[in-house]
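Under our numbering, read the sequence shown as residues 3 to 574, first letter to last.
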Amino acid sequence: MAYPTANGAVVTRNSRPNIVLLMADDLGVGDLCCYGNHTVSTPNIDRLASEGVRLTQHLAAGSVCSPSRAAFLTGRYPIRSGTASPFNLNRALAWLAGSGGLPTNETTSARLLQHRGYRTGLIGKWHQGLSCGSRNDHCYHPLNHGFDYFYGPPLGLLSHCQPRQRWELHRGLRLKLWLSTATLGLVPLLLLVPKMAGWFQVPWKLIVVFSLLAFLFFISWYSSYGFVRPWNCLLIRDHEIIQQPMKEEKVSSLMLKEALSFVERYKRAPFLLFVSFLHVHTPLLTKEKFVGHSKYGLYGDNVEEMDWMVGKILDALDQERLTNHTLVYFTSDNGGCLECQDGPVQLGGWNGVYRGGKGMGGWEGGIRVPGIFRWPTVLEAGKVIDEPTSLMDVYPTLSYIGGGILPQDRVIDARNLMPLLEGRVSHSDHEFLFHYCGLYLHAVRWHQRDCATVWKVHYVTPKFHPEGAGACYGGGTCSCSGDVNYHDPPLLFDISRDPSESRPLNPDNEEHFDSVIRIIEAAVKEHRRTLTPVPQQMSLFNSVWKPWLQPCCGTFPFCGCDKEGDIIPIAQ
């Protein structure tokens, strides 16, 4: 099979391109120069945009890491794979020793291309689970999901991966556990007072029982929350633990070295390289060279370091003369984190004019992300497309250009982007897009077929606090259910004219209000008819830390090693 290219040449299935996927972590769409931020220096990502196609209405299928990445890998809404959380506490996978993850019956884009002869590699963050029943079964491991090679932290990067950083995982719950432990610990002390004072008799057995209960309660939670860094912050090559805990100051250099080595190793065969950056997630690990380099503090420095890493990968493609035969895609898993702060210092990204941010359900700032495709021999340089597209769409797009066959036994929500990217069609194939917050449908987008109007309704929105703020600063992350705003009738916006969602429409100022609501509600009913019950990967049982699943370099619980040794630094 063949298809025409932008310059009139013909690319056949026998000339399958190499594919490089670059995904940032929590990058705001407003953090890049090519998306309107002219005070941050991102020349390499800007180069991708100028040499390729830039999508301005590119949307994540979830506003937090795990569900968004599951949708990206499978082309399906997270609710279909069970990777959407039913709880506000664990919106993403919290423990490497949890028992949830991307189900083994899901077919990833890496698996599709692996079957077509591609060499597939993942360098960086995975965050799709690791083991099911024992610490070494690795049922959710990247190598069991179509990747031939994996190097990186299987969970990702959190603030507690760096010593003496502010606690990030379940801060509120941890405080409650400390208070509960202190309360239980006071009981035997209070019982000792009347006994020692001789006021009345208190059996020693009762004091011992309460002391034991307080101790067991403390051990039950401190065995996990007290050791988050060695338990969650690991560096793995394939199935082998390389560092436990990982040396966070070196991990970016190690990842870049591995990415460049992968290109060198497989330059003569079609390859899929997925570089899943740890940038720009807190604690914003940044090389000394870039510290103080930007106008926006450590966050801006981290963005510019990531751009430098992108440049090194692009340079490797140039040096190996692979550029014209390689599709490069750049994006972020979700919007920037507005609540990530250290006092007055902002540690999260900027989402441009868009309302909200990471974790905020359907608000545009949490789901609108960069989307850049570059394929010099096929795609027109400098093209801009303002049509609704999704991270999920990368799935059938890669299948199409790599000669893969999409699964026929399940619903695929994604659409092949190649006709739109090449200019063979002018409108996105998405008529409706559904924006979930965990298991809960918060918003729906309708792109009218007969015009450029994009309507968006919100059935549920997060309740910002303090009141009047633009984020959930009091609790760290906005809720998907419970402490939220329910809208009946729903909020309606015309995204094509009001991308910042600042002017809600109503029957008085929009004559089509009722008809738009009816059409979208009919689409929701049809969408829900396609959903089938699946095991919840983020159920309470799957979410708790399990000692028998804890990866360990050594003899559990005495885990720790560093097999990486000294590295040769990448030239800067």
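Glycine included, each C-beta is placed from N, C-alpha and C at the ideal position.
### Task
Report, in whole angstroms, the separation of the C-beta atoms of Glu-108 and Thr-76, which I expect to be a contact under 8 Å.
5 Å
### DSSP state of Pro-421 mapped onto helix, strand, coil
helix
### Task
List the endpoints of the continuous beta strand (DSSP E) containing Asn-20.
20-26
#### Entry: Every unbroken beta strand (DSSP E) inside the segment 281-348 [3 residues or more]
328-334
### Message
If I follow the unbroken alpha helix (DSSP H) through Val-399, where does it start and stop?
### Response
The identity of residue 399 in the sequence shown is Thr, whereas the question assumes Val. For Thr-399, the enclosing alpha helix (DSSP H) starts and ends at 396-404.
### Message
Need the endpoints of the beta strand (DSSP E) that Gly-489 sits in, please.
### Response
Per the sequence shown, residue 489 should be read as His rather than Gly. Under the DSSP assignment, His-489 falls in the beta strand (DSSP E) whose first and last residues are 486-496.
### Separation of Gln-116 from Ala-261, as counted between CA atoms
The straight-line gap separating the alpha-carbon atoms of Ala-261 and Gln-116 is approximately 18 Å.
### Query
Which first and last residues belong to the alpha helix (DSSP H) in which Thr-76 is found?
For Thr-76, the uninterrupted alpha helix (DSSP H) run begins and ends at 67-76, by DSSP.
### Message
Suppose contacts are defined by Cβ-Cβ distances below 8 Å. Is Ile-21 in contact with Leu-400 by that definition?
### Response
yes
### Cross-strand partners of Cys-561 (DSSP beta bridge)
Beta-bridge pairing links Cys-561 to Gly-556.
### Message
Can you tell me where the beta strand (DSSP E) holding Gln-59 begins and where it ends?
### Response
55-61
### Same chain only: Cβ atoms within 7 Å of Ala-416, ignoring 5 sequence neighbours per side
Gly-77, Ser-392, Met-394, Asp-395, Tyr-397, Pro-398
### Query
If you run the structure through DSSP and keep just helix, strand and coil, what is Arg-168?
Here Arg-168 sits in coil by DSSP.
### Query
The alpha helix (DSSP H) with Gly-373 in it runs from where to where?
Where Gly-373 is concerned, there is no enclosing alpha helix (DSSP H), although the beta strand (DSSP E) around it starts and stops at 370-376.
### Message
At a threshold of 7 Å, does Phe-273 count as lining the ligand ADP (C-beta to nearest heavy atom)?
### Response
This structure simply doesn't include the ligand ADP, nor any ligand for that matter.
#### Entry: Presumed contact (8 Å Cβ cut-off) between Pro-105 and Ser-83, rounded CB distance
Sure, about 6 Å apart at Cβ, within 8 Å.
### Message
Suppose the cutoff is 7 Å on Cβ atoms and the five residues either side in sequence are ignored; what does the same chain contact list for Ile-569 look like?
### Response
Because Ile-569 sits at a pLDDT of 46, beneath the cut-off of 50, its placement in the model cannot be relied upon, and the following sentence gives the value as read from the coordinates. Excluding its 5 nearest sequence neighbours in each direction, Ile-569 has C-beta neighbours in its own chain below 7 Å: Lys-252, Ser-255, Leu-256, Lys-259, listed in chain order.
### Query
When burial is assigned at 16 or more other CB atoms within 10 Å of the CB, is Val-386 buried or exposed?
exposed
#### Entry: Cross-strand partners of Ser-392 (DSSP beta bridge)
Leu-61
### Query
Where do the N-terminal and C-terminal ends of the alpha helix (DSSP H) with Phe-275 fall, by residue?
For clarity, residue 275 is Leu in the given sequence; the question names Phe instead. That residue, Leu-275, is in no alpha helix (DSSP H); its beta strand (DSSP E) goes 273-278.
### Query
Contact check, Tyr-442 vs Ser-483 under 8 Å by CB: the rounded distance?
5 Å
### Message
To the nearest angstrom, how far is the alpha carbon of Val-459 from that of Leu-95?
### Response
28 Å
### Task
For Arg-93, count neighbouring Cβ atoms within 10 angstroms of its own Cβ and tell me buried if that reaches 16, exposed if not.
Counting every other CB atom within 10 Å of its CB across the protein chains shown gives Arg-93 a total of 16 or more, marking it as buried.
### Message
If you measure between the beta carbons of Ile-47 and Leu-57, is that distance less than 8 Å?
### Response
no
### Query
Taking Cβ positions, are Val-305 and Thr-41 nearer each other than 8 Å?
no
### Message
With DSSP as the reference, identify every bridge partner of Lys-458, one or two as the case may be.
### Response
Arg-447, Phe-495
### Task
Pull up the distance between the alpha-carbon of Ala-471 and that of Pro-464, whole angstroms please.
11 Å
### Task
Return yes when the Cβ of Asp-490 is within less than 8 Å of the Cβ of Trp-457, no when it is not.
No, these two residues do not count as a Cβ contact at 8 Å.
### Task
Determine, using beta carbons only, whether Lys-291 and Ser-65 come nearer to each other than 8 Å.
no
#### Entry: Pro-559 versus Ser-225: straight-line alpha-carbon distance, rounded
10 Å
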